[in-house]
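Chains as they are written, first to last, in the numbering used here: chain A, 14 to 180; chain B, 15 to 196.
Built from N, CA and C at the ideal position, the CB exists for glycine as well.
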Amino acid sequence: MDKLEEFIIDRKGQFDEPRRPEDGWDGVQKRLDRKQTDWTVYWKVAAVFFFFCSLVLVVLLFTQEERSAPALANEPDTFEEFYFHQINQKMREYTTLVDASQREELFQDLADFDSAYAELRRSFEDLQSEELAEAMLENLRLRMLILNEQIELIRRGKGQEEYYHSS
Amino acid sequence: MEAQAISTHADLIERAVDNDRAAQFELYKKYNAAMYNTAFRITGNTALAEDVIQESFLSAFQSLVFYRGEASFGSWLKRIVINKAITLAKKESRWDLVEDDTQLDQMDKVADEPVYDVEMVKRAIESLPHGFRTVLSLYLLEGYDHKEIAEILDITESTSKTQYMRAKDKLKVLLLEKMNHG
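Encoded structure:
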């Protein structure tokens, strides 16, 4: 260690700018108050999560195609590409099966998932937390399950229609 | 004393998770000044440092539920501040590694080191290029080692070491210039 390094390390505290402890709190508080309202959106999204979870739990047992999905990883970059590709594919498939109004309804729900995901992604960039990575993965999986379930329901409905028309 | 400090913080953190504004304010008061200095040293701008502080505390309070206590609250928060500061500095094009500095290559190493003065060194650090200032501040003032700096800045450990050495040389050159020109 040279003289300059020693000089700086020994006087670390003196390199700080003077600042009162409460400086800047008003701005943080205002934004916390605003954000608190925003969090109600997440509760709504969470409610949607659970609703769909209960609906599609059974589908888990039958959908084997997701088995090739990457295992839970701490690095969202590793699973994002896979799931985004799958979700886009399913959305395209869903689009071919329903009319515009039905499509709009589901895509609106998926947009809520998307906003929640973006928020999780931002937090993950800061915290690199495993829990956040898991929450992100769960968000993507749920979107897949919802899309699979909807596609399955429509197909089943169409199959019955065809059956009744033909009999 | 240490254990006492940890338990006091644990109580504050628990209340802050429940959105207790008084507890959040207490945490803010305890860490605001130190975090501001960290942010200022990276962004090199008071307004940007202020933005970083707001964003960081906001993010920390909202993510507090994910804080597991593996590191002290201060170091957990500092990582958030550093990440936010670097992101913002990059967005404002205020941060970049210094690839080449011919002035440094041409200058001989400072043989006899002068007597330093805190205020002068502080101003010289502030006038370093952003990449240099960030690496130097993280190493000397925030106490991170090169492995940690490499992780934070997403560079290799050897790049961190090289950047640090060059930053230190540049700082010495700046100090010499300041001393020679009054």
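query: Option in A:R47, A:L45, A:Q27 with minimal Cα separation from A207 (chain B); result: Absent from the structure is residue 207 (chain B), since the part of chain B shown begins at 15 and ends at 196.
query: Candidates B:Y178, B:K182, B:N194, B:H160, of which the one nearest K16 (chain A) by Cα; result: B:K182
query: Own chain partners of L145 (chain A) with C-beta closer than 7 Å, once the 5 adjacent residues on each side are dropped; result: L133, S136, F137
query: Residue burial classification, D65 (chain B) (beta-carbon count within 10 angstroms, cutoff 16); result: buried
query: Residue of B:R55, B:N97, B:T52, B:G58 minimising C-alpha distance to L140 (chain A); result: B:N97
query: Distance CB(Q198 (chain B))-CB(F80 (chain B)) smaller than 8 Å; result: With chain B covering only 15 through 196, there is no way to say anything about residue 198 (chain B).
query: Distance CB(M49 (chain B))-CB(S77 (chain B)) smaller than 8 Å; result: no
query: Distance between beta carbons of V135 (chain B) and Q177 (chain B), contact taken as under 8 Å; result: Wrong, their Cβ atoms sit about 19 Å apart, outside the cutoff.
query: Per-residue contacts from F71 (chain B) into chain A (C-beta, under 8 Å); result: V41
query: Local Cβ density within 10 Å of L166 (chain A), reported as buried at 16 or more and exposed below that; result: exposed
query: Chain-ordered residues of the stretch 51-82 of chain B with a beta carbon less than 7 Å from chain A; result: N51, F54, E64, I67, Q68, F71, L72, S73, F75, Q76, S77, F80
query: Sub-8 Å separation of L190 (chain B) and L142 (chain B) beta-carbons; result: no
query: Proximal residues, the stretch 136-169 of chain A versus chain B, C-beta separation under 7 Å; result: S136, E138, D139, L140, S142, E144, L145
query: Close Cβ partners of Y45 (chain B) (< 7 Å) along its chain, the five nearest in sequence each way excluded; result: G88, L91
query: Distance between L72 (chain B) and L26 (chain B) (C-alpha atoms, nearest Å); result: 16 Å
query: Residues of the stretch 111-135 of chain A with Cβ closer than 7 Å to any Cβ of chain B, in chain order; result: none
query: Against chain A: residues of the stretch 154-171 of chain B by CB proximity under 7 Å; result: L154, L155
query: Residue burial classification, G157 (chain B) (beta-carbon count within 10 angstroms, cutoff 16); result: exposed
query: Interface flag, D90 (chain A) vs chain B, CB-CB below 8 Å; result: no
query: C-beta contact flag for P34 (chain A) and K43 (chain B) at 8 Å; result: yes
query: T170 (chain B) (DSSP reduced to helix, strand or coil); result: coil
query: Closer than 9 Å at the beta carbon, the chain B residues around V22 (chain A); result: Note on identity: in this sequence residue 22 (chain A) is Ile, with Val being the wrong assignment. L154, L155, G157, listed in chain order.
query: Three-state secondary structure (DSSP) of P89 (chain A); result: helix
query: CA-to-CA distance, E30 (chain A) to T173 (chain B), given in whole angstroms; result: 29 Å
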